[in-house]
Amino acid sequence: MRIRTPSYYRQFRCTASACGESCCVGWDICIDPETAGRYRTLPGPLGARLRREICWQDPPRFRLRPDSRCPFLNADGLCSLILEAGEGALCEICAEHPRFHNDYGPLRESGLGLCCEEAARLILFSTESPLSFDVRETPEAGGPAPEQLDALLEARETALRLACCPAHSMEERFLLLLALGADVQDRLDEGGSPAEASRPYREEGFRIRTLEETAASVRPAPPDGLLRFWEEQEPLTEEWPLRLGRIRANPEGTASCRARLGAGYAAGCERIAAYFLFRYLLESAWDGDFLSKIKLAAAGTLLISLLDAQTLLETGDLTDRDRIRNAGLFSREAEYSPDALEAFREACWMEDFLSFEGLAALFL
1347 MRIRTPSYYR
1357 QFRCTASACG
1367 ESCCVGWDIC
1377 IDPETAGRYR
1387 TLPGPLGARL
1397 RREICWQDPP
1407 RFRLRPDSRC
1417 PFLNADGLCS
1427 LILEAGEGAL
1437 CEICAEHPRF
1447 HNDYGPLRES
1457 GLGLCCEEAA
1467 RLILFSTESP
1477 LSFDVRETPE
1487 AGGPAPEQLD
1497 ALLEARETAL
1507 RLACCPAHSM
1517 EERFLLLLAL
1527 GADVQDRLDE
1537 GGSPAEASRP
1547 YREEGFRIRT
1557 LEETAASVRP
1567 APPDGLLRFW
1577 EEQEPLTEEW
1587 PLRLGRIRAN
1597 PEGTASCRAR
1607 LGAGYAAGCE
1617 RIAAYFLFRY
1627 LLESAWDGDF
1637 LSKIKLAAAG
1647 TLLISLLDAQ
1657 TLLETGDLTD
1667 RDRIRNAGLF
1677 SREAEYSPDA
1687 LEAFREACWM
1697 EDFLSFEGLA
1707 ALFL
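For the sequence shown, this note's numbering gives the first residue as 1347, with consecutive numbering after it.
Here it is, written out as structure tokens:
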């Protein structure tokens, strides 16, 4: 099997008690069956405590305290399980988070989720442009390759190039990504090659004509529909709907501050967009839905920039810590809520504000 990871993947180290947004607070921590079996029979005081602190429903999970902290998170912000029994005592989700792994037959792609503070720091402030990858081979066989895998890999490479193209502003890059997504989706729906549909976007003349045609046919619009959509999803934190509501209540002020974020800020947007494209776009090999993944990259990056603009508007400053926290807030509420992700995917095909024209209007 071939394993592909972003170059920053190998740099990740959990910051444990130094983390300001601990993954041991506010999350349901489900326990995989193999680890649950070990916990049921673990001897001694630690085993007895584990059995007391686990809710043995399906799936088993740790009983969070009233303050939403994991019962094994001690006063110093460290894991009692690791301190007493080593990292091998952790359940799968605790051992793996924030890593994700996507299998495509003979190819596995692994990365870091944006919801983690340290992972977001690596993603946002990596000096690499464009994003590069490490690839290694393992003896593991893997399964059969999905249809169109190589063609979709080429189409994604085009998308990653567009996200990092210095010849265009970030707004222009997202307009081009949306147009690419629409063209590739049309080709997939017709049974054709997504790679062939993506190749014209590597030519500067084609990109310029596409931007001119889009500007001539789409009128600028505020992100009210997008904000309302996310407000209507079941929130994981109280902060999320409140932040969205404040952005929607002051669109002019937020837009003005977003325009002030500057060219240096755009580098972080580029890397966030590349993160979304890497994490999700190849899943279209299984479900045939290329376009909604492009729309998630565009909408997600835009919403994170609006959260940043709101922070600047309300505090007069935007620190690196603010940017990490805002990216993590969106990721937690959108990426780590299966219901919200599915609702977004469906809305991409049903709602005008997530049509090509509706999203393109937000970048003009």
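The beta carbon of each residue, even a glycine, is placed where N, CA and C say it ideally should be.
Residue i - partner residues in DSSP beta bridges
{"i": "Glu1483", "result": "Arg1348"}
{"i": "Ser1456", "result": "His1447"}
{"i": "Leu1534", "result": "Beta-bridge pairing links Leu1534 to no other residue."}
{"i": "Arg1407", "result": "Cys1376, Cys1401"}
{"i": "Arg1415", "result": "Val1371"}
Own chain partners of residue i with C-beta closer than 8 Å, once the 5 adjacent residues on each side are dropped
{"i": "Asp1685", "result": "Gln1579, Glu1580"}
{"i": "Arg1356", "result": "Asp1480"}
{"i": "Ala1431", "result": "Leu1392"}
Own chain residues within Cβ distance below 6 Å of residue i, not counting five before or after
{"i": "Ser1478", "result": "Ser1353"}
{"i": "Ala1525", "result": "Thr1556"}
{"i": "Phe1702", "result": "Leu1524, Ala1528"}
{"i": "Trp1576", "result": "Leu1590"}
{"i": "Glu1455", "result": "Arg1350, Asn1448"}
{"i": "Gly1609", "result": "Checking the sequence, you will find Ala at residue 1609 rather than Gly. Hits under 6 Å: none found."}
Neighbour flag for residue i against chain D, beta carbons, 8 Å
{"i": "Ala1707", "result": "As a matter of chain content, chain D is missing from the structure shown, which is built from one protein chain."}
Start-to-end residues for the alpha helix (DSSP H) that takes in residue i
{"i": "Gly1634", "result": "Here Gly1634 belongs to no alpha helix (DSSP H), and DSSP marks it neither H nor E."}
{"i": "Ile1428", "result": "1426–1431"}
{"i": "Asp1685", "result": "1684–1696"}
{"i": "Ala1613", "result": "1608–1626"}
{"i": "Thr1711", "result": "There is no way to answer for residue 1711, as the model of the chain reaches only from 1347 to 1710."}
{"i": "Phe1358", "result": "No alpha helix (DSSP H) holds Phe1358; DSSP gives it neither H nor E."}
{"i": "Asn1672", "result": "1666–1676"}
{"i": "Cys1365", "result": "Run containing Cys1365: none; DSSP gives neither H nor E here."}
{"i": "Arg1548", "result": "No alpha helix (DSSP H) contains Arg1548, which DSSP labels as neither H nor E."}
{"i": "Gly1704", "result": "1702–1706"}
{"i": "Ser1544", "result": "1540–1544"}
{"i": "Arg1467", "result": "1463–1471"}
{"i": "Cys1440", "result": "1438–1442"}
Cβ neighbours of residue i in the same chain (closer than 7 Å, five flanking residues each side left out)
{"i": "Glu1483", "result": "Arg1348"}
{"i": "Thr1600", "result": "Ile1593, Leu1652, Ala1655, Gln1656, Leu1659"}
{"i": "Pro1452", "result": "Met1347, Arg1348, Gly1488, Ala1491"}
{"i": "Phe1552", "result": "Pro1546"}
{"i": "Leu1705", "result": "Leu1524, Lys1641, Ala1644, Ala1645"}
{"i": "Tyr1682", "result": "Cys1461"}
{"i": "Ala1362", "result": "Gly1423, Leu1424"}
Inter-residue CB distance, residue i and residue j (contact presumed, cutoff 8 Å)
{"i": "Leu1627", "j": "Lys1639", "result": "5 Å"}
{"i": "Ala1740", "j": "Ile1670", "result": "Any question about residue 1740 goes unanswered here, given that the chain covers just 1347 to 1710."}
{"i": "Cys1365", "j": "Glu1464", "result": "7 Å"}
{"i": "Glu1559", "j": "Asn1448", "result": "So it is not a contact: roughly 34 Å between Cβ atoms."}
{"i": "Cys1461", "j": "Arg1678", "result": "5 Å"}
{"i": "Leu1708", "j": "Leu1664", "result": "Not a contact, Cβ separation roughly 20 Å."}
{"i": "Leu1470", "j": "Phe1358", "result": "Not confirmed; about 13 Å, so no contact."}
{"i": "Ala1497", "j": "Ala1541", "result": "4 Å"}
{"i": "Leu1710", "j": "Pro1566", "result": "4 Å"}
query: Considering only residues of the segment 1570–1604, which uninterrupted beta strand (DSSP E) runs meet the minimum length of 3 residues and lie entirely inside it, listed in chain order?
result: none
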